[in-house]
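Position 439, counted from 1, in the sequence shown is what the numbering used here calls 446; the numbers after and before it change by one each time, with no gaps. The beta-carbon is built from N, C-alpha and C at its ideal position, and this holds for glycine as well. Please read all numbers here as calculations on a predicted model, not as lab measurements. Heads up, the thing below is written out as structure tokens.
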Amino acid sequence: MPEALVIGSGFAGLSAATSLAGLGFRVRVLEKNDRFGGRARVLRDQGFTFDMGPSWYWMPEVFEDYFLRNGSSVEQHYDLIRLDPSYKVIFGHEDQWDIPADMRDLEALFASIEPGADRALRRFLNEARVKYELGMNELVRRPALSWTEFMLPRVLGGMLKVSVFSSLRKHVAAHFKDPRLRQLMEFPVLFLGATPQNTPALYSLMNYADMSLGTWYPMGGMGRIVDAMVELAKGKGVHLDAGMNVEQILVRDGRAAGVVANGERIDADVVISAADYHHAETLLEPRHRSYSESYWSSRTMAPSSLLFYLGFDRKLPELAHHDLFFDQAFDQHAKEIYETPQWPTAPLIYASCTSRTDPSVAPPGHENVVVLIPVAPGLEDTPVIRDKYFRMAIERLNKHTGKELREHLVVHHSYCINDFVQDYNSYAGNAYGLANTLGQTAVLKPRMKSKKVKGLYFTGQLTAPGPGVPPTLISGQVVAELIAKEHGRTQRNSMLNAAMV
């Protein structure tokens, strides 16, 4: 039975590990931190529970598919509920919308803002559905090693039917006139780490994921997904080791031979890095690296984030589960992330208050709030800067809630660029990986398979298909299938081998 080593236990690493185990590999996962899950860590303090990383649960069928492929189901592991409203959008103190889960109610909201916008929404989402089905059925489950993977008549024909290569901004503007509706329809690309001007219109598929498939929440928090994945991996015989810092990827005769972790040599037939791609390449001798430092410095990275984990000793009914503060200029904030990297002058903020939905994540009568400010990667990160933006964020929350929240603050933690580097070896402290611009799509992303070293593979948000929890789950499955194919281990063969054992 071939030995596979997976570096990193985020969603992509755990997905790859369980998939490889199901395909007949003996798998070991090495995680540098003391808890599995990568960025999806959990912070607990004084009865509060905070999701430190991902907080949005979209594309539920991807999660269900993952569990079904592993002989299980979502409902066997956690309770999943659909949020209604899906989220709140705040343009000003007197101008805020609850985005309803029901499509008829959503169309009515659009019509109340702009005459005919309900019909425009219907047309927009119908096209977005075509893109979503095209993307999910034909695009994202390919390793993207060659353009020939996508040169299929049904793929090319599907792309000709919809707006794909124009910018998302132009595509949205063709359907809606009200600037607030435009901003609402553009916001999902923030999950892709790019601006609407530089994002292909193909990604309006995210609006279908948002508005048609809905926003969901696993009771107990996103950490419940990690717990379930770890349980599945162990059930398949995967050996998981925390506190194992990989210091070197070993290469023998041009082939990956294992790693050195915590000073220990660990041999393997296949090595899969689910860690930061740039960092993983620094574990190789320079002659074995596929990409130079100049390559990485020329990439457009997704933003980093300044996060505050706040516990309050009172209820905050003015907040929803998800709150998007669009009360500042989006384009100015985006410019300060991508064009002239600097700390934002007047940032947009996102606040998550999961205790509005889930009483288990805060003490009775209390609320847990996570505040996120997108920032450019690679900026100076100091306590003074963090405090400045904390005060800015609290003032925005004060204005929204009508309360002096500092008087009720009992838990306060922050997390930013330096922490992303320290905890995840994240290139320039980015939070979301590589931006999904047209020039960094599909084959133009860093390759899932090393150009220089046989038996060395990569998975996660810096390779195909891209950033976000569902894409990284898929990335782990795709790399496992690629490895199995190259090692002659199909699902049928692995089942026969298991039966013989």
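* Please go through the same chain and pick out, in chain order, the residues whose beta-carbon is closer than 7 Å to the beta-carbon of Q255, but skip the five residues on each side of it. => So the list reads V266, V267, L290, once near-sequence residues are dropped.
* **Buried versus exposed call for S65 [16 or more other C-beta atoms within 10 Å across all chains shown]** => The identity of residue 65 in the sequence shown is Trp, whereas the question assumes Ser. Flag for W65 reads buried.
* DSSP beta-bridge partners for L12? -> Looking at the DSSP assignment, L12 forms a beta bridge with R35, V278.
* Close beta carbons around G54, own chain, < 6 Å, minus the five adjacent residues each side -> Cβ within range, chain order: P370.
* Asked: Under a Cβ-count criterion, where at least 16 other Cβ atoms within 10 Å of its own Cβ denotes burial, should I88 be classed as buried or exposed?
  -> Here I88 is exposed. Its C-beta has fewer than 16 other C-beta atoms within 10 Å.
* Return the chain-ordered list of same chain residues with a C-beta closer than 8 Å to the C-beta of E71, the five sequence neighbours on each side being excluded. => Same-chain partners within the cutoff: S80, V81.
* Asked: Beta carbon of P384: closer than 7 Å to some heavy atom of the ligand ATP?
  -> This structure lacks the ligand ATP; in fact it carries no ligand of any kind.
* Between which two residues does the alpha helix (DSSP H) containing T289 stretch? -> Boundaries of the alpha helix (DSSP H) around T289: 284-289.
* Extent of the continuous alpha helix (DSSP H) run through F427 -> Segment 424-431, the alpha helix (DSSP H) holding F427.
* **Whole-angstrom distance between G31 and M502, CA atom to CA atom** => Residue confidence for M502 is low, a pLDDT of 42 falling below 50, so the modelled location carries little weight; the figure read from the coordinates is stated next. C-alpha separation (whole angstroms): 8 Å.
* Asked: Pick from V278, R262, T347, L257: whose alpha carbon is nearest that of R272?
  -> When each option's Cα is compared against that of R272, the closest is L257.
* Comparing alpha-carbon positions, which option in G446, I490, P384, W104 lies nearest A438? -> When only C-alpha atoms are compared, the closest one is P384.
* Are the CB atoms of F315 and A442 nearer to each other than 8 Å? -> Going by C-beta atoms, F315 is not nearer than 8 Å to A442.
* To do: From the DSSP output, in three-state form, read off F333 for me.
  => Correct three-state label for F333: coil.
* **Same chain, Cβ closer than 6 Å to Q468, neighbours up to 5 away in sequence not counted** => These residues qualify, in order along the chain: G440, P474, T479.
* To do: Flag this pair as yes or no: are the beta carbons of F57 and V377 separated by less than 8 Å?
  => Going by C-beta atoms, F57 is nearer than 8 Å to V377.
* Asked: Around the Cβ of S304, are there at least 16 other Cβ atoms within 10 angstroms (buried) or fewer (exposed)?
  -> Per the 10 Å Cβ criterion, exposed.
* Asked: Among all the DSSP beta bridges, which residues are the ones paired with I97?
  -> Beta-bridge pairing by DSSP links I97 to Q103, F332.
* Return the chain-ordered ranges of every alpha helix (DSSP H) run that is complete within the segment 135-167 and spans a minimum of 4 residues. => Entirely contained in the segment 135-167, the alpha helix (DSSP H) runs reaching 4 residues are, in chain order, 160-167.
* Asked: Where does D365 land, buried or exposed, given buried means 16+ other C-beta within 10 angstroms?
  -> A buried status is given to D365, since no fewer than 16 other beta-carbon atoms sit within 10 Å of its beta-carbon.
* Beta-carbon proximity check, S457 vs L463, cutoff 8 Å -> Yes. Within cutoff.
* Under 8 Å, do V169 and E145 count as touching if we go by C-beta distance? -> No, Cβ-Cβ distance for V169 and E145 is not below 8 Å.
* To do: On a CA-only basis, which of E325, A19, L175, K395 is nearest A208? Give me that one, please.
  => Proximity to A208 across E325, A19, L175, K395 peaks at L175, based on C-alpha coordinates.
* Would a C-beta distance cut-off of 8 Å place D274 and A263 closer than the cut-off? -> Not a contact, by the Cβ cut-off of 8 Å.
* Assign W63 to buried or exposed, taking buried as 16 or more other Cβ atoms, counted over all protein chains shown, within 10 Å of its Cβ. => W63 should be labelled buried.
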